[in-house]
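Student:
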Amino acid sequence: MNRKLRRHQERLEKQKAKGSTTPTSPAVAQAFAAAYQHQQAGRVAEALAGYAQVLAMKPDYAEAHYNTGVIFAALGRTEAAIDAYRKAIAVRPDFPEALYNLGTIVQSLEQLEEAASIYTRAIALRPSFAEAHANFAVVLKDLGRLDAALAHCREAVRLRPAYPEAFNNMGTVYQGLGQPREAADAYRRSLALRPHSLETHNNFANALYALHRAGETEEAARRAQEWLAAFPDNPVARHMGTALVAGQAPERANDDYVRHTFDSFSKIFDQRLAQLGYRGPELIAGVLRTALPPANAMLEVLDAGCGTGLCCNVLRPYARRLVGVDLSQGMLNKAAARNAYDELVQSELTAYLLGAVNRFALIAAADVFSYFGDLARVLAAAAQALRPGGMLVFTCEQTTEASSSGYRIDPHGRFAHNEDYLRRTLIEAGLDALQFAPDVLRHEGAAKVPCLVVSARRAAA
Ligand SMILES: C[S@@+](CC[C@H](N)C(=O)[O-])C[C@H]1O[C@@H](n2cnc3c(N)ncnc32)[C@H](O)[C@@H]1O
337 MNRKLRRHQE RLEKQKAKGS TTPTSPAVAQ AFAAAYQHQQ AGRVAEALAG YAQVLAMKPD
397 YAEAHYNTGV IFAALGRTEA AIDAYRKAIA VRPDFPEALY NLGTIVQSLE QLEEAASIYT
457 RAIALRPSFA EAHANFAVVL KDLGRLDAAL AHCREAVRLR PAYPEAFNNM GTVYQGLGQP
517 REAADAYRRS LALRPHSLET HNNFANALYA LHRAGETEEA ARRAQEWLAA FPDNPVARHM
577 GTALVAGQAP ERANDDYVRH TFDSFSKIFD QRLAQLGYRG PELIAGVLRT ALPPANAMLE
637 VLDAGCGTGL CCNVLRPYAR RLVGVDLSQG MLNKAAARNA YDELVQSELT AYLLGAVNRF
697 ALIAAADVFS YFGDLARVLA AAAQALRPGG MLVFTCEQTT EASSSGYRID PHGRFAHNED
757 YLRRTLIEAG LDALQFAPDV LRHEGAAKVP CLVVSARRAA A
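Quick note: the sequence shown uses my numbering, first residue 337, plus one each step.
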């Protein structure tokens, strides 16, 4: 997703209408100038009609094809844009902007070999084309040609030293090469030029986490500390920076961090979780089978932190009404496409629960409390959102470490809780614990991620 966004930004930067350099008759020149004016003023229908008129008079007018392509691309009419750019290139093969714009579209369609050959032609025509180098680098990285990708990133920033996108791309290439230090340096330079890019902050966090995993824990923590000092208000720095600096833990992942992370992740979430052997839904299903009467579609059920809706098939058979709540609209959009929920709500979970007094007979939260450190408020809110006798089921990443807080944040940014803490906090929330079953939530690399599958009940009235 991030890569696509980046390409899109590059495309918009470059896809400006072009004035004419084509020699032509006064009537054609006048018609082109009128269409161009419409385009500059944002009157796209008039501009398209104008260029069509120009091309009827002079079919080999390269800029008219090109400008038509720019408009179609902005309208999201990909095939029409490709067609227009190809026509521009057919009549003028030495047209680097048309090649570049065509390259960005072909790249976004994941036709990488073709995009590579188009960028090669654009760069041959104009070796100083910094954007073409920067985008070509991403294509080469995706093709696994990392050394060549790095060379093009370097060329892009040599040509344009203040080019945040190219430094960001360079960071991703270094990460692909397994060089997290160099990646972090490149992202830091990108952030110095464009401090608000959440994508680059996220990439920087990943590079520091890779550094940590490579055993350079002190270096990762030192850089995280600097990052936090430089960007104290940035949501990614606040969460991941804190996670990487040992000994500090926020109360929970902040809302902006959660939204940004899961909006970005939503398109590949299901596929990625399948690769990780994620078992949240099946673990919840196991509890429901043993703790509840056979499913009879009679309950008010909340899928808390529903994400893309991976638990809907488990919960739906129990539900008269199934509600999903999540902070990330990207995840909710995916959940909506399953057509399994009666209601989907974008909200922070604790805030939502506080407004849902005595409403649910069953609340399920699969792999959501990994984004909460202190569970006191959310569990108390869940307790009062349950009807008397209602049940809460959740999974938690488990730590067996004893600590005064009862939980810890790991350098990857998720929290793990110990059983004593969970028992204590459930009691304080007014819930009767039913089960604490140790299990495996998913894999991380070769390691199994230990979890506790917990169920608790609100006392019957
Ligand atoms: C790892 S996903 C799990 C999604 C789903 N329960 C499943 O099993 O596939 C965690 C989800 O919790 C949501 N989330 C995290 N913190 C939240 C909060 N404070 N309020 C609402 N949603 C939250 C995230 O947006 C994300 O969709």
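For every residue, glycine included, the Cβ atom is placed at its ideal position computed from N, Cα and C.
1. Which word fits M576, buried or exposed, when buried means at least 16 other C-beta atoms lie within 10 angstroms of its C-beta?
2. What is the DSSP secondary structure of C787, counted as helix, strand or coil?
3. If distances are taken between C-alpha atoms only, which option among Q682, F705, E433 comes closest to V789?
4. Taking C-beta to C-beta, are V714 and S683 nearer than 9 angstroms?
5. Measure the alpha-carbon distance for S602 versus L770 and round it to whole angstroms.
6. For a test of the three-state rule: what should DSSP assign to H753, helix, strand or coil?
7. State the beta-bridge partners of Y743 as determined by DSSP.
8. Once DSSP output is grouped into helix, strand and coil, what is the label at P724?
9. What number of angstroms, rounded off, separates the C-alpha of H344 from the C-alpha of A719?
10. For E346, count neighbouring C-beta atoms within 10 Å of its own C-beta (all shown protein chains included) and say buried if the count is 16 or more, exposed if not.
11. Tell me the rounded alpha-carbon separation between R339 and E780.
12. Assuming D703 contacts L628 (C-beta within less than 8 angstroms), just tell me the rounded distance between them.
13. I'd like the list of long-range same chain contacts for G512, defined as Cβ closer than 7 angstroms, with 5 residues on each side in sequence excluded.
14. Could you compute how far the alpha carbon of M506 sits from the alpha carbon of Y523?
15. Taking the alpha-carbon positions, what's the R549 to D775 distance?
16. Does the segment 437-454 come close enough to the segment 466-473 that 3 or more CB-CB pairs lie under 8 angstroms?
17. Residue ranges of each alpha helix (DSSP H) run of no fewer than 4 residues wholly in the segment 530-571, ordered along the chain?
18. Any idea what DSSP makes of Q375, helix, strand or coil?
19. Pull up the distance between the alpha-carbon of L348 and that of P500, whole angstroms please.
20. Following a CB-centred definition, is T644 positioned closer than 8 angstroms to any heavy atom of ligand 1?
21. Would you mind stating whether I407 and A434 have Cβ atoms separated by less than 9 angstroms?
22. Hey, M667 and F751 are a contact pair by Cβ (cut 8 angstroms); roughly how many whole angstroms apart?
23. Quick check: L479 and E450, are their CB atoms within less than 9 angstroms of each other?
24. Closest to Y677 by C-alpha separation, out of R525, T358, L646, would be which residue?
25. Kindly examine ligand 1 and report whether one of its heavy atoms sits closer than 8 angstroms to the Cβ of F598.
26. Any idea what DSSP makes of D662, helix, strand or coil?
27. Could you check the C-alpha separation between D521 and A466 for me, to the nearest Å?
28. L685: which of L534, R595, L445 sits nearest, CA to CA?
29. If distances are taken between C-alpha atoms only, which option among E554, L495, W563 comes closest to A528?
30. Grab the span of the beta strand (DSSP E) containing D483 for me, first residue to last.
31. What would DSSP say about K340, mapped onto helix, strand or coil?
32. CA-CA distance, G405 and G386?
33. Relative to the C-alpha of P429, which residue among Y372, R457, L658 is closest?
34. With burial defined as no fewer than 16 other Cβ atoms inside 10 Å of the residue's Cβ, what is the status of A352: buried or exposed?
35. Evaluate E733 with the Cβ neighbour count: other Cβ atoms within 10 Å of its Cβ, from every protein chain shown; 16 or more gives buried, anything less gives exposed.
Tutor: Taking the definition as stated:
1. buried
2. strand
3. F705
4. no
5. 33 angstroms
6. strand
7. H753
8. strand
9. Reliability fails at H344, whose pLDDT of 38 lies under 50, so the model's placement of it is uncertain and the value that follows must be treated cautiously. Taking the straight line joining both Cα atoms gives about 45 angstroms.
10. For E346, the pLDDT reaches just 45, beneath the cut-off of 50, and the residue's location in the model is therefore unreliable, leaving the point undetermined.
11. Only weak support is given to the placement of R339: the predicted model assigns it a pLDDT of 37, under 50, and the value that follows is read from those uncertain coordinates. If you draw a straight line from the Cα of R339 to the Cα of E780, it is about 24 angstroms long.
12. Incorrect: roughly 21 angstroms between the Cβ atoms, too far for contact.
13. Residues of the same chain with a CB within less than 7 angstroms of the CB of G512, apart from the 5 flanking positions on each side, are K477, L482 in chain order.
14. 8 angstroms
15. 24 angstroms
16. yes
17. 534-549, 553-566
18. Here Q375 sits in helix by DSSP.
19. For L348, the predicted model reports a pLDDT of 40, less than 50, meaning its position is unreliable; a value from the coordinates is still stated below. Going from the Cα of L348 to the Cα of P500 covers about 15 angstroms.
20. yes
21. no
22. At roughly 19 angstroms, the Cβ-Cβ gap does not stay under 8 angstroms, so M667 and F751 are not in contact.
23. no
24. Per the Cα distances, L646.
25. yes
26. Assigned with DSSP and collapsed to three states, D662 falls in strand.
27. 20 angstroms
28. R595
29. W563
30. Careful: D483 lies outside any beta strand (DSSP E), inside the alpha helix (DSSP H) at 482-495.
31. Residue confidence for K340 is low, a pLDDT of 38 falling below 50, so the modelled location carries little weight and cannot support an answer.
32. 13 angstroms
33. R457
34. Looking at the sequence shown, residue 352 is not Ala but Lys. Flag for K352 reads exposed.
35. buried
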